[in-house]
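Heads up, the thing below is written out as structure tokens.
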């Protein structure tokens, strides 16, 4: 692995960890404030994407699986952005607008593709104040930080 690839890989992992933590905190706080859903239930739901209903009755193991899956997903979206950034940064002069746009893409893909294809329970997509809040979280807690972290990485080469 050459120096650039190694540096890119480390930056993606570090940024994925940051994004995963920010999103985990946002999801946990939002779920608790909105519906008194505790963080363990949030991560059981994430685990249900693979384990189905069994995840909701599982103990710490299911919470751990949910956290692992959460960080894998966060790192995957981070990696996709890092790899696409050099080709698409010309679309927006503003990292904030680029991040907001990417956050919207992530929310759409998660809700229209990933969750429906998983074993997690989901119903029809309805646009409510809760939906709007989740879109905002994806834009400002996932998209914007990824845009800033990746642009910082690529600025070293300019």
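In this note's numbering, the protein residues as written are 403 to 560.
Even for Gly, the Cβ is constructed at its ideal location relative to N, Cα and C.
Item                                                                                                       : Value
C-beta atoms of residue 449 and residue 457 nearer than 9 Å                                                : yes
Exposure of residue 551, with buried meaning 16 or more beta-carbon neighbours within 10 Å                 : buried
Any chain D beta carbon closer than 9 Å to residue 456                                                     : Judged by its chain identifiers, the structure shown contains no chain D, having just a single protein chain.
Within the region 447 to 483, ranges of the alpha helix (DSSP H) (whole runs, at least 4 residues)         : 456 to 459
Cβ pair count under 8 Å reaching 3, the region 435 to 450 against the region 509 to 518                    : no
Counted within 10 angstroms of its Cβ, other Cβ atoms place residue 547 as buried (16 or more) or exposed  : buried
Whole runs of the alpha helix (DSSP H) within the region 484 to 532, excluding any shorter than 4 residues : 497 to 511
Three-state secondary structure (DSSP) of residue 407                                                      : helix
For residue 439, the three-state DSSP class (helix, strand or coil)                                        : coil
Endpoints, alpha helix (DSSP H) assigned at residue 546                                                    : 546 to 557
Proximity to residue 477 [Cα-Cα], best of 539, 421, 545                                                    : 421
Buried/exposed call for residue 414, threshold 16 Cβ in 10 Å                                               : buried
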